[in-house]
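Under mature numbering (1 follows the signal peptide of the UniProt record, and there is no 0), residues -18 to -1, 1 to 267 are what the sequence shown spells out, in order.
We put the beta carbon where it would ideally sit given N, CA and C, even for glycine.
This report concerns only the one structure given below.
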Amino acid sequence: MLLLLPLLLSALSALSAAVLVPGPTGPFAVAIKVQPLTDTSRRDPLDPTGRSPHRRLLISAFLPVDTRRGACPAASLPYMTPAVAAWYGTQAAANGLPGHLFGAFEMEACDLDRLPVCGRREGNKGEYPLVLFSPGFGDSRLLYGAMARSLASRGYVVVTVDHPFDAMAVEFPDGSVIRGANISDADPAAVEKVVQVSEATRWPVAVVGHPAYTDSHAPQVRSDDLSFILDQLHNRTIRGPLLGNFPGRLALDKTVVMGHSLGGAAAAAVTRSDARVRGGADLDG
């Protein structure tokens, strides 16, 4: 939330209108694509009910677009989906700010569907390194959109990741929402329910918010998420829809992982465990 604080006060006087997040700082325009992914090899270890047969993830890809052969038409997008904006709105209200504040933000992105044909020619397709980004504990990938777009404008493909049941709200394109399973050891009944589910399903279920989760289990779950996403990006059939109309190539041999706070710990974990990751950056982790 601190990443958007410089905009909050300026937005207070314009709550009836959209508030446009300042543009990126680099020479590239940036397109944004969203794609859900399902890891059928894992049951979801963070679902406190044990009902999720597979681990679902949601990613945003920020794609740099070279506009030297023609400008890319811009489109305004909501900075956050309604459910995510509402959750951050409760945090804003708790700090004396309007509860609907986050729903007012918008961000401009390159509209690849309207990109001039000359900008899509094979000869224009540069190669761009990949940066995976894992958010802080409980946070949505959408909170970091301005940062990801700015980095992408410098010539990187940036993929931000939502970790369901860890993030307080993940809203999928079909409108379904996974709420955070923020269960702590201060709620014995909830913890007992999680233990019962774990025993019944014979599958380890994490108690999100419990110190043992934050200290040990969480980085591993996130590391597994990130490795799975890399698997998908290495699969040409799967990455096709994500990179549709993208006038560039993904340099998968130049992959790094970044993360904020708990995401930084996950970045360190996957950098050690996955040989495809060439380096990592831990932001306050």
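Start-to-end residues for the alpha helix (DSSP H) that takes in M129: One-based indexing of the sequence shown puts residue 129 at position 147. Segment G127 to A134, the alpha helix (DSSP H) holding M129.
Contact under 7 Å by Cβ, T22 with R38: As a working note, residue 22 is residue 40 in the sequence shown. As a working note, residue 38 is residue 56 in the sequence shown. It is not a contact, given that the beta carbons lie outside the stated cut-off.
Exposed unless 16 or more other CB atoms sit within 10 angstroms - verdict on S158: On the sequence shown, position 176 is the one that residue 158 refers to. That one is exposed.
Per DSSP, cross-strand counterpart(s) of L112: Taking the sequence shown and counting its residues from 1, one reaches residue 112 at position 130. V139 and T237, per the DSSP bridge assignment.
Burial state of S58 (16 or more Cβ within 10 Å): Taking the sequence shown and counting its residues from 1, one reaches residue 58 at position 76. Classification for S58: exposed.
C-alpha gap between E109 and D48, whole angstroms: In the sequence shown, counting from the first residue as 1, residue 109 sits at position 127. In the sequence shown, counting from the first residue as 1, residue 48 sits at position 66. If you take the alpha carbons of E109 and D48, they lie about 11 Å apart.
Distance between beta carbons of L114 and V239, contact taken as under 8 Å: By 1-based counting over the sequence shown, the position of residue 239 is 257. By 1-based counting over the sequence shown, the position of residue 114 is 132. The Cβ separation is near 5 Å, so the contact holds.
Residue from S122, F147, D207 and L208 with nearest C-alpha to T63: Taking the first residue of the sequence shown as 1, we reach residue 63 at position 81. The candidate whose alpha carbon is nearest that of T63 is S122.
Cα-Cα separation, L224 to D144: On the sequence shown, position 242 is the one that residue 224 refers to. On the sequence shown, position 162 is the one that residue 144 refers to. Distance between the alpha carbons of L224 and D144: 16 Å.
Residue closest to V66, alpha-carbon to alpha-carbon, out of E153, V252 and A13: Counting from 1 along the sequence shown, the entry for residue 66 is found at position 84. Nearest option by C-alpha distance: E153.
Euclidean distance between Cα positions of N227 and R50: The residue given as residue 227 occupies position 245 in the sequence shown. The residue given as residue 50 occupies position 68 in the sequence shown. Straight-line Cα distance between these residues: approximately 17 Å.
Nearest-angstrom Cα separation, counted from R33 out to I14: The sequence position of residue 14 within the sequence shown is 32, counting from 1. The sequence position of residue 33 within the sequence shown is 51, counting from 1. Going from the Cα of I14 to the Cα of R33 covers about 31 Å.
Endpoints, beta strand (DSSP E) assigned at V16: Taking the sequence shown and counting its residues from 1, the one referred to as residue 16 is at position 34. Taken as a continuous stretch (DSSP letters only), the beta strand (DSSP E) holding V16 covers A11 to D21.
Supposed close pair T72, G85 - CB separation, criterion 8 Å: Translated into the one-based positions of the sequence shown, residue 72 becomes position 90. Translated into the one-based positions of the sequence shown, residue 85 becomes position 103. Separation of the CB atoms of T72 and G85 is rounded to 12 Å, and the pair is thereby denied contact status at 8 Å.
Whole-angstrom C-beta distance between V3 and Y61, which should lie under 8 Å: As a working mapping, residue 61 is identified with position 79 in the sequence shown. As a working mapping, residue 3 is identified with position 21 in the sequence shown. Right, their Cβ atoms sit about 6 Å apart.
P35 classed as buried or exposed, judged by whether at least 16 other C-beta atoms fall within 10 angstroms: Position 53 of the sequence shown, counted from the first residue, corresponds to residue 35. The residue is exposed, with fewer than 16 neighbouring Cβ atoms inside 10 Å.
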